[in-house]
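Counting in this note's numbering, the sequence shown runs from 15 upward without gaps.
C-beta: ideal position from N, C-alpha, C; glycine also.
It should be emphasised that the depicted structure is a prediction, and the values quoted were computed from it without experimental measurement.
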Amino acid sequence: FEYADTFLTELGSQSAETLYRFFDRDGQTLALRPDLTVPAARIVGSKLYDQPLPQRYFYAGPVFRFEEPRAGRQREFWQAGVELMGAGSPDADAEVLALAALALRRVGLSEFRFSLGHLGYFHGLLAHLDLDDVAARALQGALDRKSEDDVRALADAWGLEGPPREAVLGLLTLFGPQGDGVLTRARRLVLNEAMAAAVDWLAQVETQLAHYGIKSQFDIDLADVRAMHYYTGVTFKAYTPGIGFSVVNGGRYDRLVAEFGSDMPAVGCAFYLDRLLLAQTRQQGPPPDPIPDLLIFPCGCGDHVRLAQEARAAGLVAAIALGPEDPDRYPLRVRCRCDQTILLETPDDSRTLSVSAWPAFLQSLR
């Protein structure tokens with residue numbers, strides 16, 4: 015848990031309605047953490063600011079949000095994440111994106127795509143239009159719903175004409191695979207330096223993703239403006255078939271660390287472990303029952319316990335037969351004879367081994 019105020023600052027991650035809050039004995043309002051990036055930023059900004067930059071961190075732990083529970087979204091769930099702090103370049107963004115893609119492959123997901131955007135484009139548009147908060151939220155809601163009719167109705171209500179109208183109506187067209195001309199179309203609609211800078215930044219990230227060999231797995235979506243309040247630049251999400259929620263969320267948050275002390279740029283991402291397990295099961299099916307490397311039968315002298323411990327210390331999965339077993343399920347069966355010899359059995363053969371040769375035999379199995 016954290017002090018509730020940590021998450022309720024202007025750049026905090028959650029609204030008060032999503033927090034589980036309670037009081038300590040001193041009357042301080044505490045909250046179960048709904049996010050792990052904000053606590054990481056607090057620690058770095060207040061305690062680790064004098065360490066060499068950039069700083070790279072990873073973590074895992076449970077988080078809590080008061081949301082309507084349904085498949086892929088629970089009130090308590092596990093996140094694992096990485097943060098790259100003190101690096102404010104497109105190269106840093108690409109490093110985190112590449113790590114996220116590699117992590118998804120490492121957990122066995124073969125089908126996934128990233129959606130990549132930049133909040134600077136949307137914020138630049140809002141600044142040019144000089145919209146109040148109510149109007150800005152209305153436009154954000156229409157974009158979240160991907161509703162062309164609602165976006166057009168807002169443009170009509172605001173009396174937009176010429177390039178500003180084209181920029182607003184064109185937001186929902188700024189989606190597609192990298193190399194599909196999305197950034198070229200976005201550049202034609204820019205109204206100020208902030209919007210142009212966002213396009214330039216994404217172009218540099220795109221170049222770096224090509225160097226990592228993962229450019230083809232990314233789509234550009236400049237109309238995706240749903241993000242934590244603290245994000246300031248690049249944002250991204252990863253999706254996989256059959257899951258209605260993103261399995262990875264991330265982005266750049268250059269002003270968050272300064273809320274707690276030292277000012278430094280930062281970028282990171284969080285993996286939703288519960289959703290990843292669900293995606294893994296749907297892509298690969300349920301995992302097979304694990305079969306130990308060897309089955310060790312109990313013996314009268316008790317040496318079977320030592321044999322099992324030594325096998326496990328050697329990095330093998332060893333089980334002691336405790337009841338009705340199907341020996342044929344195991345690639346290797348071990349019987350201690352209590353005379354300094356061991357009988358090794360496989361489905362096709364058997365042989366005797368001296369107890370003194372057991373450690374070397376275990377190494378040969380690794």
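Residue range of the alpha helix (DSSP H) that includes residue i
i, result
"residue 104", "104 to 120"
"residue 165", "162 to 171"
"residue 204", "Premise fails: residue 204 is in no alpha helix (DSSP H) and is neither H nor E."
"residue 320", "317 to 327"
"residue 377", "372 to 379"
Distance between beta carbons of residue j and residue i, contact taken as under 8 Å
i, j, result
"residue 348", "residue 310", "5 Å"
"residue 267", "residue 245", "5 Å"
"residue 5", "residue 216", "Within the shown structure, residues of the chain are numbered from 15 to 380, placing residue 5 beyond reach of any answer."
"residue 98", "residue 282", "6 Å"
"residue 284", "residue 32", "Incorrect: roughly 16 Å between the Cβ atoms, too far for contact."
"residue 123", "residue 295", "Wrong, their Cβ atoms sit about 11 Å apart, outside the cutoff."
"residue 264", "residue 110", "6 Å"
Beta bridge counterpart(s) of residue i as assigned by DSSP
i, result
"residue 334", "310"
"residue 251", "129 and 263"
"residue 73", "95"
"residue 43", "37"
"residue 148", "DSSP lists no partner for residue 148."
"residue 232", "128"
Under the three-state DSSP convention, the category residue i falls into
i, result
"residue 92", "strand"
"residue 78", "strand"
"residue 52", "helix"
"residue 221", "helix"
"residue 57", "helix"
"residue 277", "coil"
"residue 238", "coil"
"residue 180", "helix"
"residue 101", "coil"
"residue 65", "coil"
"residue 295", "helix"
"residue 32", "helix"
"residue 341", "helix"
"residue 194", "coil"
"residue 159", "coil"
"residue 137", "helix"
"residue 268", "coil"
"residue 386", "For the chain, the structure presents residues 15 to 380; residue 386 sits outside this window and is missing."
"residue 226", "helix"
"residue 142", "helix"
"residue 216", "helix"
"residue 123", "coil"
Residue i versus residue j: straight-line alpha-carbon distance, rounded
i, j, result
"residue 199", "residue 239", "18 Å"
"residue 80", "residue 54", "21 Å"
"residue 209", "residue 327", "58 Å"
"residue 205", "residue 67", "35 Å"
"residue 466", "residue 274", "No answer is possible for residue 466: it lies beyond the span of the chain, which begins at 15 and ends at 380."
"residue 213", "residue 330", "52 Å"
"residue 35", "residue 335", "49 Å"
"residue 175", "residue 147", "21 Å"
"residue 192", "residue 232", "6 Å"
"residue 156", "residue 201", "22 Å"
"residue 94", "residue 251", "15 Å"
"residue 195", "residue 143", "25 Å"
"residue 113", "residue 220", "15 Å"
"residue 179", "residue 169", "6 Å"
"residue 101", "residue 226", "18 Å"
"residue 359", "residue 343", "12 Å"
"residue 49", "residue 78", "8 Å"
"residue 190", "residue 333", "52 Å"
"residue 372", "residue 338", "26 Å"
"residue 136", "residue 237", "8 Å"
Opening and closing residue of the beta strand (DSSP E) in which residue i lies
i, result
"residue 368", "364 to 368"
"residue 191", "189 to 191"
"residue 286", "280 to 286"
"residue 355", "355 to 359"
"residue 349", "347 to 350"
Residue i beta carbon near the ligand HEM (any heavy atom closer than 7 Å)
i, result
"residue 237", "What this structure holds is no ligand at all, so the ligand HEM is not there to describe."
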